[in-house]
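Engineer: Pasting a structure here, questions to come.
What follows is the structure, given as structure tokens:
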């Protein structure tokens, strides 16, 4: 059980409108809004984007003597989450944002003492910088929409803003338009959750495969077969995942 003090300190870092800190009623509203955006089209796009990032990373590993797997997977999953959520791809901006998100994550495990020399205070300051970045991205998206200068962003934020600006959506008695604060808090939450859980799961999977040669051989055979079937595609697509029955067992 989480104590009220713990929840309060986490809320100061990820935001009190985050799914992590919301009341039961508020959590239900947020969850329904976010789940409804995970359509087959958006999921298929996520698969293709993630595979593109993995292929790019693997090509770089060929020329490196040593790879610290968890560190590199954090890089991949962070880039993937930022691309899927807010279409952020600029390396300098990604690096700055990842450092600040890292400070927030460290502060979540620190004693909640908000004094200048503490990790908790550093996390609070980092959260403020992350919110500024997200605020600018949201503002720019709205300006693009108002000026009809659509850059065809295919991400979570685009879908969320499109639904909120759709007059027909608000006709539902159960529809509640999300505030910018709710959007920002939960984008930060999803970046943290998606980065940490995915990178950790993949690291443990690779460790398991390294210790179980028979499992690895079966997996290689399956992946080779999938690669042959998808040889005409530059990257994996959602339908290809259905062919990975053994891989899905290894991953779980």
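Residue numbers (the numbering used here): 65 to 316.
All C-beta atoms in this analysis are idealised placements derived from N, C-alpha and C, irrespective of residue type, glycine included.
1) So, does the region 270 to 284 touch the region 252 to 262, judging by three or more C-beta pairs under 8 Å?
2) Within 10 angstroms of its Cβ, does residue 120 collect 16 or more other Cβ (buried), or is it exposed?
3) Could you check what DSSP says for residue 217 in three-state terms: helix, strand or coil?
4) What's the gap between the Cα of residue 133 and the Cα of residue 248?
5) For residue 262, which residues from the same chain have a beta carbon less than 7 Å from its beta carbon, with the 5 sequence-adjacent residues on both sides left out?
6) Name the two residues that bound the continuous alpha helix (DSSP H) containing residue 128.
7) Within this structure, are the beta carbons of residue 259 and residue 165 separated by less than 9 Å?
8) Among the candidates 169, 92, 220, whose CA atom is the shortest distance from the CA of residue 151?
9) Give the C-beta separation of residue 283 and residue 273 to the nearest angstrom, bearing in mind that I take them to be a contact with Cβ-Cβ under 8 Å.
10) Taking the straight line between their C-alpha atoms, what separation do you get for residue 99 and residue 90?
11) Could you give the first and the last residue of the continuous alpha helix (DSSP H) run that contains residue 190?
12) Taking residue 95 as the reference, give the member of 144, 82, 191 with the closest Cα.
13) Is it a yes or a no for the region 192 to 209 touching the region 284 to 302, going by three-plus beta-carbon pairs under 8 Å?
14) State the DSSP-derived secondary structure class of residue 242, mapped to helix, strand or coil.
15) What distance in whole Å lies between the Cβ atoms of residue 106 and residue 223, which are believed to be in contact at a cut-off of 8 Å?
16) Which residue wins for smallest C-alpha separation from residue 148, given the options 114, 162, 168, 85?
17) Suppose the cutoff is 8 Å on Cβ atoms and the five residues either side in sequence are ignored; what does the same chain contact list for residue 85 look like?
18) Could you please give the first and the last residue of the uninterrupted alpha helix (DSSP H) stretch that includes residue 312?
19) Nearest-angstrom Cα distance between residue 135 and residue 243?
20) Closer than 7 Å by C-beta to residue 162: which residues in its own chain qualify, once you throw out the five before and the five after it? Chain order, please.
21) DSSP state of residue 234, grouped into three classes?
22) What three-state label does DSSP hand residue 258 in the structure shown?
23) Write down every uninterrupted run of the alpha helix (DSSP H) in the region 270 to 312 whose length is 4 residues or greater and which is fully enclosed by it, in chain order.
Structural biologist: With the given structure in hand:
1) The answer is no - the region 252 to 262 does not touch the region 270 to 284, with fewer than three Cβ pairs under 8 Å.
2) Working through the chain shown from its first residue, we reach residue 120 at position 56. It counts as exposed.
3) On the chain shown, position 153 is the one that residue 217 refers to. Three-state DSSP puts residue 217 in coil, outside helix and strand.
4) Numbered from its first residue, the chain shown carries residue 133 at position 69. Numbered from its first residue, the chain shown carries residue 248 at position 184. Spanning the alpha carbons of residue 133 and residue 248 requires a straight line of approximately 30 Å.
5) On the chain shown, position 198 is the one that residue 262 refers to. For residue 262, same chain residues with a beta-carbon under 7 Å away, outside a window of 5 residues either side, are 141 in chain order.
6) Start at 1 with the first residue of the chain shown, and residue 128 comes out as number 64. For residue 128, there is no enclosing alpha helix (DSSP H), as DSSP marks it with neither H nor E.
7) Your numbering for residue 259 matches position 195 in the chain shown. Your numbering for residue 165 matches position 101 in the chain shown. In this structure, the beta-carbon distance from residue 259 to residue 165 falls below 9 Å.
8) As a first step, residue 151 must be located in the chain shown, where it is residue number 87. Taking only the C-alpha atoms, the option nearest residue 151 is 220.
9) Here the question's residue 283 lines up with position 219 in the chain shown. Here the question's residue 273 lines up with position 209 in the chain shown. Cβ-Cβ separation between residue 283 and residue 273: approximately 7 Å, consistent with a contact (criterion under 8 Å).
10) Sequence index remark: in the chain shown, residue 99 carries index 35 (1-based). Sequence index remark: in the chain shown, residue 90 carries index 26 (1-based). Taking C-alpha positions only, residue 99 is separated from residue 90 by approximately 14 Å.
11) Here residue 190 corresponds to residue number 126 of the chain shown, with the count starting at 1. Element bounds for residue 190: 183 to 210.
12) Taking the chain shown and counting its residues from 1, one reaches residue 95 at position 31. It is 82 whose Cα lies nearest to the Cα of residue 95.
13) No: fewer than three Cβ pairs fall under 8 Å.
14) By one-based count along the chain shown, residue 242 stands at place 178. Here residue 242 sits in coil by DSSP.
15) Taking the chain shown and counting its residues from 1, the one referred to as residue 223 is at position 159. Taking the chain shown and counting its residues from 1, the one referred to as residue 106 is at position 42. Right, their Cβ atoms sit about 7 Å apart.
16) As a working note, residue 148 is residue 84 in the chain shown. In terms of CA proximity to residue 148, 114 leads the group 114, 162, 168, 85.
17) As a first step, residue 85 is located in the chain shown; it is residue number 21 there, counting from the start. The residues are 71, 74, 75, 78, 79.
18) In the chain shown, the residue the question calls residue 312 occupies position 248. Element bounds for residue 312: 309 to 315.
19) Position 71 of the chain shown, counted from the first residue, corresponds to residue 135. Position 179 of the chain shown, counted from the first residue, corresponds to residue 243. Using only the alpha carbons, I get a separation of about 34 Å.
20) Within the chain shown, numbered from 1, the residue matching residue 162 stands at position 98. Short of 7 Å from the beta carbon of residue 162, and not among the five residues preceding or following it, lie these beta carbons of its own chain, in chain order: 142.
21) The sequence position of residue 234 within the chain shown is 170, counting from 1. At residue 234, the pLDDT of 46 sits below 50, so the modelled position is not reliable and the matter cannot be decided from this model.
22) Residue numbering aside, residue 258 sits at position 194 when the chain shown is read from its first letter. Helix, per DSSP.
23) 277 to 293, 302 to 305, all fully within the region 270 to 312.
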